[in-house]
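Numbering (the UniProt record's numbering), first residue to last: 1 to 338.
Structure (structure tokens):
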């Protein structure tokens with residue numbers, strides 16, 4: 001994998017580590033990671049996205065739905081059975097399955113990250129539809145979505161549990177669109193390092209102003225907490241550019257191959273890091289901090305993914321098309337993202 005393309009998987013690997021770390025219970029870490037960890041995921045997903053031909057859209061959309069939703073329900077049903085066993089309440093299974101069908105902010109606890117999957121699916125479906133139009137039309141649609149997302153977040157509508165977090169998709173598509181549309185410019189900019197210093201300065205200024213409570217900035221995409229329309233784009237993008245530049249430089253080191261590989265198996269880590277830590281903490285009574293939470297939340301799901309990859313059925317249900325490592329497929333996508 002060429003250095004200039006390897007950074008994409010390195011960034012995915014770092015992204016999933018930051019997601020796990022953000023759920024470790026450290027409020028300070030979570031507050032600042034909340035500024036950019038999900039925008040980073042959406043933007044990087046956009047980097048790997050390809051346009052969809054209008055006459056192929058329906059079949060493409062059905063494949064995309066299967067790709068996202070088979071693992072969604074496979075993990076969800078397994079977790080629902082674990083929850084029922086812990087509660088000794090078999091009736092919790094149909095309740096949890098109904099919540100999985102509804103999705104979005106009704107899902108918490110064991111299912112805390114499931115909102116992201118349906119939200120990302122909706123972003124894919126919307127962006128796939130928009131790619132039939134000129135970039136200016138796409139940009140106008142994304143801008144309207146961004147405005148609508150902020151209208152929701154700044155009104156009582158923010159308290160409404162929308163199925164699949166569809167209202168958050170209106171916000172997420174802005175970052176996805178930027179990754180999709182400017183993938184070539186982004187790669188060139190990272191190669192020259194031209195955005196690093198400005199991005200660091202903006203990020204550092206935002207942190208200092210926030211700590212001094214001169215400018216309080218918060219972002220939580222799941223809970224629709226984004227109420228500063230200009231800063232909600234500038235600050236996350238600055239932080240994302242810093243992270244991507246670091247990932248680009250890290251990708252030159254041989255040790256980065258571990259992070260790059262991690263970036264190809266994010267699905268199991270995304271789904272299992274919270275349930276595994278719940279079992280360790282509340283089932284086995286173990287006490288530990290953010291570091292062990294992150295380590296367990298990454299390595300144990302990685303081991304589970306490796307075991308499941310030995311079965312074609314489990315691979316289809318839990319790992320999806322990416323499998324375990326998806327070496328051939330990811331290289332093809334990365335070449336296209338070039």
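For every residue, glycine included, the Cβ atom is placed at its ideal position computed from N, Cα and C.
Which of helix, strand or coil DSSP assigns to residue i
| i | result |
| --- | --- |
| residue 125 | helix |
| residue 94 | helix |
| residue 89 | coil |
| residue 286 | coil |
| residue 107 | coil |
| residue 53 | coil |
| residue 273 | helix |
| residue 63 | helix |
| residue 251 | coil |
| residue 294 | helix |
| residue 310 | coil |
| residue 321 | helix |
| residue 213 | coil |
| residue 195 | coil |
| residue 208 | helix |
| residue 167 | helix |
| residue 243 | helix |
| residue 112 | coil |
Alpha helix (DSSP H) segment containing residue i, residue limits
| i | result |
| --- | --- |
| residue 192 | 183-192 |
| residue 261 | 256-262 |
| residue 149 | 135-153 |
| residue 346 | The structure shown does not extend to residue 346, since the chain spans only 1 to 338, so no value can be given for it. |
| residue 31 | 27-33 |
| residue 132 | Taken as a continuous stretch (DSSP letters only), residue 132 belongs to no alpha helix (DSSP H), as it is neither H nor E. |
| residue 47 | 37-47 |
Distance CB(residue i)-CB(residue j) smaller than 8 Å
| i | j | result |
| --- | --- | --- |
| residue 158 | residue 202 | no |
| residue 107 | residue 114 | yes |
| residue 100 | residue 129 | no |
| residue 268 | residue 304 | yes |
| residue 176 | residue 45 | yes |
| residue 82 | residue 240 | no |
| residue 68 | residue 117 | yes |
| residue 263 | residue 10 | yes |
| residue 299 | residue 71 | no |
| residue 144 | residue 180 | no |
| residue 275 | residue 98 | no |
| residue 163 | residue 102 | yes |
| residue 217 | residue 35 | yes |
| residue 204 | residue 235 | no |
| residue 243 | residue 200 | no |
Counterpart residues of residue i in DSSP-defined beta bridges
| i | result |
| --- | --- |
| residue 225 | 220 |
Any C-beta of chain B under 8 Å from that of residue i
| i | result |
| --- | --- |
| residue 160 | Chain labels in this structure do not include chain B; a single protein chain is all it has. |
Q | Inter-stretch contact at 8 Å, needing at least 3 Cβ pairs: the region 144-163 / the region 14-23 | A | Inter-segment contact for the region 144-163 and the region 14-23 is absent: fewer than three beta-carbon pairs are separated by less than 8 Å.
**Q.** Three CB pairs or more closer than 8 Å across the region 166-175 and the region 210-227
**A.** Three or more pairs of CB atoms, one per stretch, sit closer than 8 Å, so the region 166-175 contacts the region 210-227.
Q.
Counting beta carbon pairs with one atom in the region 288-295 and one in the region 19-26, are three or more of them shorter than 8 Å?
A. The region 19-26 vs the region 288-295: in contact.
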